[in-house]
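For the record, the sequence lines run as chains E and Z.
Quick note on numbering: the first sequence equals residues 1 to 314 in the working numbering.
Quick note on numbering: the second sequence equals residues 1001 to 1529 in the working numbering.
Here's the structure, in structure tokens; my notes come after.
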Amino acid sequence: MTKTKILVRISLFSMILLLLIMILSFLFMPKNNLKDFGMDQVSANGILGEKKNTIDVLILGDSETYTSFSPLQMYEAHGFTSYICGTSGQRLYDSYDFLEKTLENQKPKVVILETNAIFRDYDLKTTVLAKWKNLIPLLKYHNRWKNLTIHDFSSKITYTYTDPNKGFRIKKGIMPVKNHDYMKKMDKSKTIPKLNIHYLDKMKDLCDELGITFILISSKSIKNWNDAKHQSVSNYANQKEIAYYDLNLISEIEIDWQTDTVDKGDHLNLDGAKKVSKYVGDLLKETYDLPDHREDKNYSSWERDLEKYKALVG
Amino acid sequence: MQYCDMSYLLLFLPLVMLFYSLVTKEKRWIVLLVSSYLFFYLLSGKLLVYLVLSTFSIHHFGLWLHDVEQVGKKAMEEAAKEEKKRIRESMNKRKRNVLILGIFVQIGMLSLVKYLPFFCFNINQLFEFIGVNFRIKQYHFLAPIGISFYTLMALSYLIDVYRGKCIADKNLGRLALYLAFFPQIMEGPIARYHETALKLYEGEKLHYQTVCFGMQRILFGLLKKMVIADRLNIIVENIFSNYATYNGGILFLGIIFYTIELYMDFSGVMDVVIGSAEIFNIALPENFRQPFFSKSISDFWSRWHITLGTWFKEYIFYPISLSKGSKKMTSALRKKMGNHFGPLCAGSIALLCVWLLNGLWHGAGYHYIFFGIYHFTFILLGNVLEPLFLKFYQITKLNRESKSIHIVRILKTTVIVFFGELFFKAPTLRIGFIMFKRIFATFTFKSFTDGFILKLGLDGRDFIILGVTLFLLFLISILHEKNISLREEISKKPIYIRWLCYYVLLFYIIIFGAYGAGYIPVDPMYANF
């Protein structure tokens, strides 16, 4: 067989393969952001179902986000809307994807990255694989063969689900840990992995491009946070002129690790989250001139969600 | 990076192919060697030093053996007739000593990383038993991936040089590539020097046909590994981790599924390995030949992990059974016990050594040793009872070669294999026996009829995919058993049918593969041995 013939064959085979991948990717894409439609991380992906341009603050990060910040508590106090796209063990490439995905439908004024994920290391391979899966939805949603319906063959993708707690997870349990000075000064800072610097820069650049304020917040965690991490995030933030708030150094937020943690200082429980949300809500309102939607009829669903939330948290 | 990872299949392998095609014929082996060392480094990091040491060691000892022989031969040429015998004996003795030293270095490295903790543990247990207060400190060294496989290849090279079956290789690069060739470094197959070394060094260009065949073989392997083995892993891990909570029926299902998983995993990875080598026009030896069509346990071991069995036969069984002591014993026992049982008794000693070592090779644990002894027992029983079986068939006038008898024998062998794998998989020998006892003491079909089976981690649709895929593989195995190569049959079809087959296979794996959310990535199972 001649070289030309081989090249033609390979090209034709690849083109058909690409076409089939595209067709099947479309078929396997969840046509809604509900769990029943095969969507993963439904709580974080609930932002896709929020009305266009209704979210003022977007919160990204790992489990520290959805156990620390209560969007509805902040809404009740100040009237601005926020949503947590936080997922367990989130890596910064996930955070960046959530940011990109959200910006297709929302124009937040502030984007917050909770800093715990900044020190979560991973290799290039993991990043590339995740990118591949985002690029080829068939790889990500292949297991939906079990739930394919006639609806999947239609061309309409409609996201209808939104999390009534706006990504926040209510955790009422208590598993105490001894209070101690976990933020005592350290000689050295902890190195931020290079890939995470890359994604931090990308998030900052994207926000700058769209006129969004990108800020960093370290939530209270006796287990996960320390001065070495604080120093490196602080250095990075100074260098990039990003506002950085380390709540672990704010004595005004009186977290009692005997009562305010759900798992020995790893995450806050509802009582801890209330204290943090009070402080962060005040801070955001005062610093970033966020709008008050409490009298706006377009935000009536937030009022309904708030009522349900209040009933839940008591 | 594993053989079934996207990083290997879509990045590493294509890049090696690209560089291999770009360089001249003389430099192709360098591309293969560098990529093999890179592959090993990505898997084991600095432990690459063990592989390099092994390579230098066999290179040195091979040449040493060669030198001793050359010096001896030269001396014999110049010596008087009566002197020749003495020189030959002296030369053979020196060669033997060099070989023993070479083997000691290889086994030493393997023992250091794999068997030292087990050895220390047993010595300490012994001290405790006899009331000695002294304890040996237990050191744990990290083992490089594939050490059990490449050590056997290194040993086969040394022994083959000693026996004069291959010439000691002066080319360190060629020898290094033979030992480190990236497709086989993790799980074999255990190739002999003469099977691959020269071909690897030759650097033949990539051919369209072999590249296509290689890729087809890789796809076939991925089907076994990703659709079946990785899916079954969920249920197998559940059953073996919670064995105390399940009844005998579920436990028996667990050992059936584990056996299928192990076969699909190992043979699937072997397909990827052999396919990868085929792309570079390298024919690696086959490791499987429809093992579940075996009519006896010895037949099973001639079809399962063939290269390991061949290695043990060649380098353990024959040297022991053909040794002077064994021959003496055979002739003595032949007189006392007759032509069947006499040689059988002597041969069984060699067989016992093989199976003890086979068990130990799989891992330092009593359950592995038991696994070896278990199979030895059934092979021995088969040999001992053979005259009785022959008599039975004579009396009953049943045709041993009839299909129905074949099926009965295949089923019997398969059940024996299932229980063997129970001890192989069990974390300890004690747990293996507990599970074995539970299977019989609490056996019931209830869990199969009340829907409990669907609560073990796989739903009904998963079972349908398993059933359909296993059935297809069963049909393909029947064709292979009849020496019909499906691949070659497909290659004779028009291009649109061939492409349709490839697309269907590819998308079958992508869609029904057990990967991503809800599944745990499973490392190749034999890579740990």
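A virtual CB, placed ideally from N, CA and C, is assigned to each residue, including glycine.
This structure is a prediction, so every number in the text was calculated from the model and none was measured.
Check: Among Z:PHE1118, Z:LYS1095, Z:HIS1207, nearest to ARG1163 (chain Z) - alpha-carbon criterion; Outcome: Z:LYS1095
Check: CB contact below 8 Å: PHE13 (chain E) versus chain Z; Outcome: yes
Check: Inter-residue Cα distance where the pair is TYR1502 (chain Z) and LEU1223 (chain Z); Outcome: 12 Å
Check: Beta-carbon proximity of ASP260 (chain E) to ASP271 (chain E), cut-off 8 Å; Outcome: yes
Check: Neighbourhood of ARG144 (chain E) by C-beta distance below 6 Å, restricted to the same chain and skipping five residues each side; Outcome: PHE28, GLY38
Check: CB contact check: TRP302 (chain E) to chain Z, cutoff 8 Å; Outcome: no
Check: Run of the beta strand (DSSP E) containing LEU213 (chain E), from where it starts to where it stops; Outcome: Position check: residue 213 (chain E) holds Thr in this sequence, whereas Leu was assumed. From DSSP, the beta strand (DSSP E) with THR213 (chain E) extends over 213 to 218.
Check: Pair within 8 Å by beta-carbon distance, ALA1191 (chain Z) and LEU1053 (chain Z); Outcome: no
Check: Positions along the stretch 136 to 160 of chain E whose CB lies within less than 8 Å of some CB in chain Z; Outcome: LEU138, LEU139, LYS140, HIS142, ASN143, TRP145, LYS146
Check: Below-8 Å beta-carbon distance, SER1035 (chain Z) vs any chain E residue; Outcome: no
Check: Chain Z within 8 Å of ILE6 (chain E), Cβ atoms only; Outcome: yes
Check: Sheet register partners of SER82 (chain E) (DSSP bridge); Outcome: E:VAL57
Check: Buried/exposed call for VAL8 (chain E), threshold 16 Cβ in 10 Å; Outcome: exposed
Check: Euclidean distance between Cα positions of LYS178 (chain E) and ILE59 (chain E); Outcome: 29 Å
Check: Cut-off 6 Å between Cβ atoms - residues of its own chain near TYR299 (chain E), not counting five sequence neighbours on either side; Outcome: HIS293
Check: C-beta neighbour in chain E for SER1007 (chain Z), strict 8 Å; Outcome: yes
Check: Inter-residue spacing [alpha-carbon to alpha-carbon] between PHE1424 (chain Z) and LYS1324 (chain Z); Outcome: 35 Å
Check: Inter-residue Cα distance where the pair is ILE1510 (chain Z) and LEU18 (chain E); Outcome: 13 Å
Check: Contacting residues, own chain, Cβ-Cβ under 8 Å from VAL1113 (chain Z) (five flanking each side not counted); Outcome: TYR1050, PHE1141, LEU1142, ALA1143, PRO1144, ILE1147
Check: Integer-rounded CB distance, given that PHE168 (chain E) should sit under 8 Å from ILE112 (chain E); Outcome: About 13 Å; that fails the 8 Å criterion.
Check: Any 3 or more C-beta pairs closer than 8 Å across the stretch 1231 to 1238 of chain Z and the stretch 1249 to 1266 of chain Z; Outcome: yes
Check: Cβ neighbours of ASN45 (chain E) in the same chain (closer than 6 Å, five flanking residues each side left out); Outcome: ASN33, MET39
Check: Helix, strand or coil at MET1187 (chain Z) [DSSP, three-state]; Outcome: One detail in the question is off: residue 1187 (chain Z) reads as Glu in this sequence, not Met. Correct three-state label for GLU1187 (chain Z): coil.
Check: 6 Å Cβ shell around ILE1279 (chain Z) - same chain, five flanking residues per side excluded; Outcome: VAL1211, GLY1214
Check: The alpha helix (DSSP H) enclosing VAL177 (chain E), as first and last residue numbers; Outcome: From DSSP, VAL177 (chain E) is part of no alpha helix (DSSP H); its letter is neither H nor E.
Check: Chain E contact for ARG1461 (chain Z) (CB, 8 Å cutoff); Outcome: yes
Check: contact_flag[the stretch 122 to 135 of chain E, the stretch 87 to 94 of chain E] where n(CB pairs < 8 Å) is 3 or more; Outcome: yes
Check: Classification of ALA1154 (chain Z) by the beta-carbon crowding that lies within 10 angstroms, buried from 16 upward; Outcome: buried
Check: Residue from E:ILE253, E:ILE250, E:SER234 with nearest C-alpha to TYR244 (chain E); Outcome: E:SER234
Check: For ILE1520 (chain Z), the nearest candidate out of Z:VAL1227, Z:LEU1352, Z:LEU1505 (CA to CA); Outcome: Z:VAL1227
Check: Inter-stretch contact at 8 Å, needing at least 3 Cβ pairs: the stretch 146 to 163 of chain E / the stretch 262 to 280 of chain E; Outcome: no
Check: Simplified DSSP assignment, three categories, for ASP296 (chain E); Outcome: coil
Check: Outcome for ASN289 (chain E) when other beta-carbon atoms lying within 10 angstroms are tallied against a minimum of 16; Outcome: For the record, residue 289 (chain E) in the displayed sequence is Asp; it is not Asn. Burial call: exposed.
Check: Spatially closest choice to ARG1231 (chain Z) from Z:MET1525, Z:VAL1522, Z:ALA1514, Z:SER1267, by CA coordinates; Outcome: Z:ALA1514
Check: Partners in chain Z for MET1 (chain E), counting only beta-carbon separations shorter than 7 Å; Outcome: TYR1208
Check: Of the residues Z:PHE1061, Z:ALA1168, Z:VAL1354, the one placed nearest PHE1104 (chain Z), counting alpha carbons only; Outcome: Z:PHE1061
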